[in-house]
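Converting from the sequence shown to this note's numbering requires adding 316 to each position, the first position being numbered 1. Every residue, glycine too, gets a C-beta built ideally from N, C-alpha and C. Read through the structure below, which is laid out as C-alpha cells, and then see the notes.
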Amino acid sequence: MDQTKSVNNRGGDHAAYLTQHMRILAPEGDGLRNTLANSPTSSPVYSYSAKFDGKDYLDPRTLGNDQTLAHWRLAPDLIVRLQKTNGKPSEWVIYSVSSDGKVFTSISWVPTNPELEDLQVFTRAN
Numbered sequence: 317m318d319q320t321k322s323v324n325n326r327g328g329d330h331a332a333y334l335t336q337h338m339r340i341l342a343p344e345g346d347g348l349r350n351t352l353a354n355s356p357t358s359s360p361v362y363s364y365s366a367k368f369d370g371k372d373y374l375d376p377r378t379l380g381n382d383q384t385l386a387h388w389r390l391a392p393d394l395i396v397r398l399q400k401t402n403g404k405p406s407e408w409v410i411y412s413v414s415s416d417g418k419v420f421t422s423i424s425w426v427p428t429n430p431e432l433e434d435l436q437v438f439t440r441a442n
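What follows is the structure, encoded as C-alpha cells:
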C-alpha cells in the first residue's frame, strides 16, 4: 500500500494508515480470491473466495456475526462488493485497477456515512 496516497477516514479524521497493507485479488473459478496481509512477510489477516454473481454469501471473515458479502465484476478492471449485516447494507467497496495494471485502488464507505470514505492505493511490486 502506498501510505502517502491512502487515507483512513472512517473516523472522519483523514488519518494515515498505521500499517502497510498488502492486498491480492486473484482470479479463482468464476470469481476471485481476496487476500489481505499487514505486510508482505506476514500471514494473511484474511483470504476468501467469492463469486461474481451478486448473491449474498456468508462473510467468512466474520462467521457468526450475520454478515454477508456479494460481489459484481462490472468491467475487466472494476469490482464492487457489498457487505450486509443483519440483512442491511453495512459497507460498499469499489476495487479498480489502472489501465496499465500498476495501481490498484480500494474505496470503501458505510451507507449511513458515505462521506467517511476510506481510500487505499496499492502500487504493483513487480
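Query                                                                                              : Result
Counterpart residues of N325 in DSSP-defined beta bridges                                          : None, per the DSSP bridge assignment.
When D369, A353, S358, R440 are compared against R389, the one with the closest alpha-carbon       : D369
Which of helix, strand or coil DSSP assigns to P376                                                : helix
Helix, strand or coil at T421 according to DSSP, with G and I counted as helix                     : strand
Rounded separation between A441 and S414 - CA only                                                 : 14 angstroms
According to DSSP, residues forming a beta bridge with E407                                        : Q399
Inter-residue CB distance, L352 and Y362 (contact presumed, cutoff 8 angstroms)                    : 6 angstroms
For G370, the first and last residue of its enclosing beta strand (DSSP E)                         : That residue, G370, is in no beta strand (DSSP E); it is neither H nor E in DSSP.
Own chain residues within Cβ distance below 7 angstroms of K371, not counting five before or after : A386
Beta-carbon proximity of P427 to S406, cut-off 9 angstroms                                         : yes
Burial state of D318, where buried means 16 or more other Cβ atoms lie within 10 Å                 : exposed
Same chain, Cβ closer than 7 angstroms to S322, five either side skipped, listed in chain order    : Y333, L435, Q436, V437
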